[in-house]
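In this note's numbering, the protein residues as written are 1483 to 1775.
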């Protein structure tokens, strides 16, 4: 994905987002956006940023939107806002963005895509949230549409209706603007939303990082509660991965032992001239139990 200037790129490609004015706002005047895709913030990175802000201040202004009641809603820059609070600042510079919900989502998406630490979940959620507003389309309908478009592109059906109609053109224009493949998005990023509901909710709430969530989702179902507890306790990804490995080895040990015994039986049978009737009966029984006959 192009990261040269995604904010400027999208703002030039999509509709006018209105003029942004820079002001100095008190931290108490800025309120978080309820549907902000980003939920997880690394404590060590926040502390490092707070240290930098103590030394040189907030260099890049936050992006906010002024509400009719006078409140300022944060559109982009929550990490900077949290670090500024940690640094003891009382106010921060901010761009005040004018425009409607669609324009706000476009600006938030562009700002978020400029982050080097953007997770696949945050990217997918940001893109889908913007398209839902832009197209007035529900999440499931939008996911169906994106998969259909990706399938048409994969098969070379460039005149397919989903690619040439108005919604299709909006979607293609967005992915062209952000320099990201629609096919990759449909085949990989969208798979995030097939995660087990409880794991997806952990991602949405920011309780666990994306990589940790995928490790837990791939683990045996009976092991997931233990892994979730470890993640919520702040255990590192390496410990959670090691717990999965240990559990799988433990689960496979009895099976391997039985397989070893059966191989010994097979070798013994190969040496006899005639299989005893009782052994043949037991073999028949075993095949039935295992569904081999």
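A virtual CB, placed ideally from N, CA and C, is assigned to each residue, including glycine.
{"Check": "Taking 8 Å as the threshold, find out whether the segment 1592-1612 comes into contact with the segment 1638-1649 through three or more Cβ pairs.", "Outcome": "no"}
{"Check": "DSSP three-state call for residue 1662: helix, strand or coil?", "Outcome": "coil"}
{"Check": "Who pairs with residue 1575 in a beta bridge, going by DSSP?", "Outcome": "1506"}
{"Check": "Report yes if the C-beta distance between residue 1546 and residue 1555 is below 9 Å; otherwise report no.", "Outcome": "yes"}
{"Check": "Who pairs with residue 1544 in a beta bridge, going by DSSP?", "Outcome": "1576"}
{"Check": "Using only CA atoms, which one of 1726, 1622, 1678 and 1721 lies nearest to residue 1705?", "Outcome": "1726"}
{"Check": "Looking only at its chain, what residues have a beta carbon closer than 8 Å to the beta carbon of residue 1632, apart from the 5 residues adjacent to it on each side?", "Outcome": "1664, 1665, 1667, 1668 and 1669"}
{"Check": "Please state if the CB of residue 1698 and the CB of residue 1722 are separated by a distance shorter than 9 Å.", "Outcome": "yes"}
{"Check": "How big is the Cα-Cα spacing for residue 1508 and residue 1530?", "Outcome": "22 Å"}
{"Check": "When the distance is taken between beta carbons, is residue 1540 closer than 9 Å to residue 1564?", "Outcome": "no"}
{"Check": "Pick helix, strand or coil for residue 1513, following the three-state DSSP scheme.", "Outcome": "strand"}
{"Check": "From the DSSP output, which residues share a beta bridge with residue 1556?", "Outcome": "1546"}
{"Check": "I need the DSSP call for residue 1533, collapsed to helix, strand or coil.", "Outcome": "helix"}
{"Check": "In the DSSP assignment, find the alpha helix (DSSP H) that holds residue 1687 and state where it starts and stops.", "Outcome": "1679-1687"}
{"Check": "Just mark residue 1538 as buried or exposed, buried being the case when its beta carbon has 16 or more other beta carbons within 10 Å.", "Outcome": "exposed"}
{"Check": "Note the first and the last residue of the continuous alpha helix (DSSP H) segment covering residue 1766.", "Outcome": "1759-1771"}
{"Check": "What's the gap between the Cα of residue 1622 and the Cα of residue 1700?", "Outcome": "23 Å"}
{"Check": "Would you tell me roughly how many angstroms separate the C-alpha atoms of residue 1578 and residue 1571, rounded to the nearest one?", "Outcome": "19 Å"}
{"Check": "Report yes if the C-beta distance between residue 1629 and residue 1619 is below 9 Å; otherwise report no.", "Outcome": "no"}
{"Check": "DSSP three-state call for residue 1647: helix, strand or coil?", "Outcome": "coil"}
{"Check": "Are the CB atoms of residue 1568 and residue 1528 nearer to each other than 9 Å?", "Outcome": "yes"}
{"Check": "Would you kindly check if the distance between the Cβ of residue 1594 and the Cβ of residue 1580 is under 9 Å?", "Outcome": "no"}
{"Check": "What is the C-beta distance between residue 1606 and residue 1652, in whole angstroms, given that I count them as a contact (C-beta under 8 Å)?", "Outcome": "Between residue 1652 and residue 1606 the Cβ distance is about 17 Å, and since that is not below 8 Å, they are no contact."}
{"Check": "Rounding to the nearest angstrom, what Cα-Cα distance links residue 1714 and residue 1689 in this structure?", "Outcome": "7 Å"}
{"Check": "Count the other CB atoms, across all protein chains shown, that sit within 10 Å of the CB of residue 1574; report buried if there are 16 or more and exposed otherwise.", "Outcome": "buried"}
{"Check": "Skipping 5 residues on each side, what residues in its chain have a beta carbon closer than 8 Å to that of residue 1751?", "Outcome": "1757 and 1761"}
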